[in-house]
Amino acid sequence: MNTYDPQTTLDAISRNAVAVVVIGGLSILAMFVFFVEGARMGRRDRVYPMALWMTALWWPHDGSYLLHFNDWFGGRHSHWFMQLFWFAIIVTFIAESVYAWQTIQYGRDELSPGRSQRAHTIRIVGAVAAGVISWALVKGALRDDLYLLSFMATLLWGGPSASAMLGRRPDARGQSLLEWIGYSVMAVLYSIVSIFFFGGGFFHSWQYVGICLAACIWSFVIVADVKRAGGPLTSWRSSPAPAG
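The following block contains the structure:
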């Protein structure tokens, strides 16, 4: 599938710098809320806060963006947008590393029942390693030099991750309304900024707009589901969500 031309897209971002910085900046702040609140909820309820397959996808995705430092700073795609995004991704990569650790620390009873902690740890490390290999294969097949398509695609899959967690557990432990409101705001604002200010073309295609709409709609559903399941407003609430 044809996607976007990197230089044309970066030129469009430069022309729309104010809108991209304001709307995109708010989306980044919402992203920080989502990731940090998720880690806090995992610690608060002593559970892994994100589905393992989601952590195994997000961790190598963001890690590989960080490893492309030379592309964004003085390299072939050197641009202030990519550089600002690089600093933002540091936060998400740290949060995803915490998710992986929490999955090892708290997830044995759910993910590896009857197995030792050592065996559970090996399984989780193996799953993340498989995610790294899978992401390398997918990334190599995509025409997505700036990670703009993959960011929206991985954002979309946050919804199924939350649905899996809510379906697996008897209540909303590990999830808060603030976390998923942050996710929803991130999805809506990034959809707006990419569709309207990244230069059109691929970003106006039915495939891309469809991904954006799906992510936004699913985010609204998750907020409603977390509320229905008795999830707390924030991780600052002292007691865990009651079991159903």
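Under our numbering, the first residue of the sequence shown carries the number 186, and numbering increases by one thereafter. For each residue, glycine too, the CB sits at the ideal point set by N, CA and C.
- A Cβ-Cβ distance of about 27 Å is found for the pair V317 and W365, leaving them out of contact under the 8 Å criterion.
- At a Cβ-Cβ threshold of 8 Å, S420 and E281 do not count as neighbours.
- Each of G359, F383, G415 was checked against the Cα of F220, and the nearest Cα belongs to G359.
- DSSP, reduced to helix, strand and coil, places L327 outside both helices and strands of the structure shown, so it counts as coil.
- Annotation for A312: L237, A241 place their beta carbon closer than 6 Å to its own, counting only its chain and skipping 5 residues before and after.
- Taken through DSSP and simplified to helix, strand or coil, M235 comes out as coil.
- About 6 Å separates the Cβ atoms of P191 and H262, confirming a contact at the 8 Å cut-off.
- Runs of the beta strand (DSSP E) spanning 3 or more residues and lying entirely within the segment 222-296 do not occur at all.
- DSSP places D190 outside both helix and strand once states are collapsed to three, so it counts as coil.
- Distances from the alpha-carbon of P234 to those of A314, L296, A321, L327 put L296 closest.
- For V232 and S212, the gap between their C-alpha atoms comes out near 27 Å.
- The residue among I402, Y393, G385 with its C-alpha nearest the C-alpha of L195 is G385.
- The continuous stretches of alpha helix (DSSP H) do not include A414, and DSSP gives it neither H nor E.
- Pairing F387 with P298, the inter-Cα distance amounts to about 45 Å.
- About 14 Å separates the Cβ atoms of I377 and I198, ruling out a contact at the 8 Å cut-off.
- Contact between S379 and K324 does not hold, since their C-beta atoms are separated by about 19 Å, which reaches or exceeds 8 Å.
- Taking C-beta atoms as the reference points, A285 and I307 fail to come closer than 8 Å.
- Selection A314, A315, D294 evaluated against H305 yields D294 as nearest (Cα-Cα).
- In the structure shown, Y375 falls within a helical segment according to DSSP collapsed to helix, strand and coil.
- With respect to A349, G416 sits apart: the two C-beta atoms are not nearer than 8 Å.
- Sorting V276, R303, L363 by C-alpha distance to the C-alpha of I289 places R303 at the top.
- Exclusion of the five residues before and after T193 leaves G384, G386 as the residues of its chain whose Cβ lies within less than 8 Å of its Cβ.
- If you ignore the 5 residues before and after F266, its C-beta comes within less than 6 Å of the C-beta of I198, all in its own chain and listed in chain order.
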